[in-house]
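Reading through the structure tokens given below for one structure.
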Amino acid sequence: MSQTMRFSIYRYNPETDSKPYMQDYTIEVHAGMMLRDALLKIKAEDESFVFRHSCGEGVCGSDGLNINGTNGLACITPIAVLKQPVEVRPLPGLPVIRDLVVDMEQFYHQYRSIKPYLTVHDPEPEEEYRQSPEDRDKLDGLYECILCASCSTSCPSFWWNPDKFRGPAALLQAYRFIADSRDQSTAQRLDELEGPYRLFRCHSIMNCTNVCPKGLNPTKAIGEIKKIMLKHYV
Amino acid sequence: MSWRAASGLHAWLAQRISAIYMAVFLFYFLGVLAFCQPNTFQAWSDWFASTPMQLATAGFFIALFWHAWVGVRDVLIDYIKPFAVRMGLLVSLAITMILLALWVVKVFLAGAL
Numbered sequence: 074m075s076q077t078m079r080f081s082i083y084r085y086n087p088e089t090d091s092k093p094y095m096q097d098y099t100i101e102v103h104a105g106m107m108l109r110d111a112l113l114k115i116k117a118e119d120e121s122f123v124f125r126h127s128c129g130e131g132v133c134g135s136d137g138l139n140i141n142g143t144n145g146l147a148c149i150t151p152i153a154v155l156k157q158p159v160e161v162r163p164l165p166g167l168p169v170i171r172d173l174v175v176d177m178e179q180f181y182h183q184y185r186s187i188k189p190y191l192t193v194h195d196p197e198p199e200e201e202y203r204q205s206p207e208d209r210d211k212l213d214g215l216y217e218c219i220l221c222a223s224c225s226t227s228c229p230s231f232w233w234n235p236d237k238f239r240g241p242a243a244l245l246q247a248y249r250f251i252a253d254s255r256d257q258s259t260a261q262r263l264d265e266l267e268g269p270y271r272l273f274r275c276h277s278i279m280n281c282t283n284v285c286p287k288g289l290n291p292t293k294a295i296g297e298i299k300k301i302m303l304k305h306y307v
Numbered sequence: 018m019s020w021r022a023a024s025g026l027h028a029w030l031a032q033r034i035s036a037i038y039m040a041v042f043l044f045y046f047l048g049v050l051a052f053c054q055p056n057t058f059q060a061w062s063d064w065f066a067s068t069p070m071q072l073a074t075a076g077f078f079i080a081l082f083w084h085a086w087v088g089v090r091d092v093l094i095d096y097i098k099p100f101a102v103r104m105g106l107l108v109s110l111a112i113t114m115i116l117l118a119l120w121v122v123k124v125f126l127a128g129a130l
């Protein structure tokens, strides 16, 4: 049995609108529908409406949105749990390109800055890089990040200083490589994060952990980086 | 020590160490107030006259100033972008804290005499 549901969607087209506005839509929904399905239905009715999406199952990280005030992925948010009218806005703090599409450059810049790849100074091994199962376990809860930006864009420190503070997503990845037994750049990685901004703008308010659609814990990773830094310098 | 470490890891560490010290001191201070009840002027001044208590109290104020400096500086770094405004506020904060510290020293000296 189908029923209707009300949505209030952030709209902004810089070519035609002088400022953003909220547009109301009422659509027919069915049981088990995710927010992404509802947005696709809205787009079918009003093709001027734009949003990013791809895999539809919480793997690609394209449809990070602000849903009723909380960041999350539209494709794994069941509409049944949402209060009406469902307010859908772009991820906060990033420049809006159009409607729900934001410019992620600042976010990617911070991600690139932490050098998200293994650095090895030893000669390359003949076959493969070896890692014990115990060392591999240390990467659990870190490598699963899909870079949807839900965490960084819910972090006030990232809102105020997106150009200087790395943000929870990039810091989680920084720790992913610091914790990796195969990586040989720990000292450089720690040194790169030193100073008042890059790491230490985090005040552990845990907004990032609250919203992570993959259930990861950037605050804990940031705490681990601080601990390792402390051991390294003392 | 580089300025980067001083304004990053060291500031963060200073805030935690000073917080722990103040928590322990306040726990002791309130414990004495609750259980020993130094109700008279004599009892109160005897309590503060001992050297360990004076050192502990001096330590408390050092921790307090250290903690307050890092904390307020953090808020200014977070929210105040224009360099001139931020420096102006940091300098006025420093002056205020130096004046307060001098006042604390004056109280200490008055107690010691």
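Order-wise, the sequence lines are chains A and B. In my numbering, each residue's number is its place in the first sequence (first place is 1) plus 73. In my numbering, each residue's number is its place in the second sequence (first place is 1) plus 17. Glycine included, each C-beta is placed from N, C-alpha and C at the ideal position.
Against chain A, the CB of B:G88 has no partner CB under 8 Å away; the residue lies outside that interface. Taking every protein chain shown into account, the CB of A:P163 has 16 or more other CB atoms within 10 angstroms, so this residue is buried. Pairing A:T292 with A:I301, the inter-Cα distance amounts to about 14 Å. DSSP places B:Q54 in the coil class of the three-state scheme, outside both helix and strand.
Scanning chain B for C-beta atoms nearer than 9 Å to the C-beta of A:R239 yields nothing, as the closest lies near 12 Å away. Scanning chain B for C-beta atoms nearer than 7 Å to the C-beta of A:G268 yields R21, S24 and G25, reported in chain order.
P229, S230, W233 and N234: these are the residues of the stretch 214-243 of chain A whose beta carbon lies less than 9 Å from some beta carbon of chain B, given in chain order. Interface with chain A (8 Å Cβ-Cβ cutoff): B:I94 is included. Closer than 8 Å to the CB of A:K299 there is at least one CB belonging to chain B.
When secondary structure is reduced to three states using DSSP, A:L164 falls in the coil class, being assigned neither helix nor strand. The C-beta of A:R274 comes closer than 8 Å to at least one C-beta of chain B.
Taking all protein chains shown into account, B:C53 has fewer than 16 neighbouring C-beta atoms within 10 Å of its C-beta and is therefore exposed.
For the options B:L81, B:A75 and B:A85, the alpha carbon positioned closest to that of B:V124 is the one of B:A75. Here A:R79 is bridged, per DSSP, to A:T99.
For the stretch 30-57 of chain B, the set of positions with a beta-carbon nearer than 8 Å to some beta-carbon of chain A reads L30 in chain order. At least 8 Å separates the beta-carbon of A:L191 from that of A:F180. DSSP links A:L138 through a beta bridge to A:G145.
With its beta carbon at least 8 Å from every one in chain B, A:M279 lies outside the interface.
With a threshold of 8 Å between beta carbons, A:L303 makes contact with chain B. Scanning A:R271, A:A252 and A:E200 for the CA closest to the CA of A:F231 turns up A:R271. Annotated as proximal: A:P269 and B:G25, with beta-carbon spacing under 8 Å. Taking a Cβ-Cβ threshold of 7 Å, none of the residues of chain B is close to A:Y202; the smallest such distance is about 30 Å.
Shown here, A:P241 sits in a helix according to DSSP, grouped into three states. Contact annotation: the stretch 221-231 of chain A touches the stretch 278-291 of chain A, with at least three C-beta pairs closer than 8 Å. Pairing B:P99 with A:N234, the inter-Cα distance amounts to about 13 Å.
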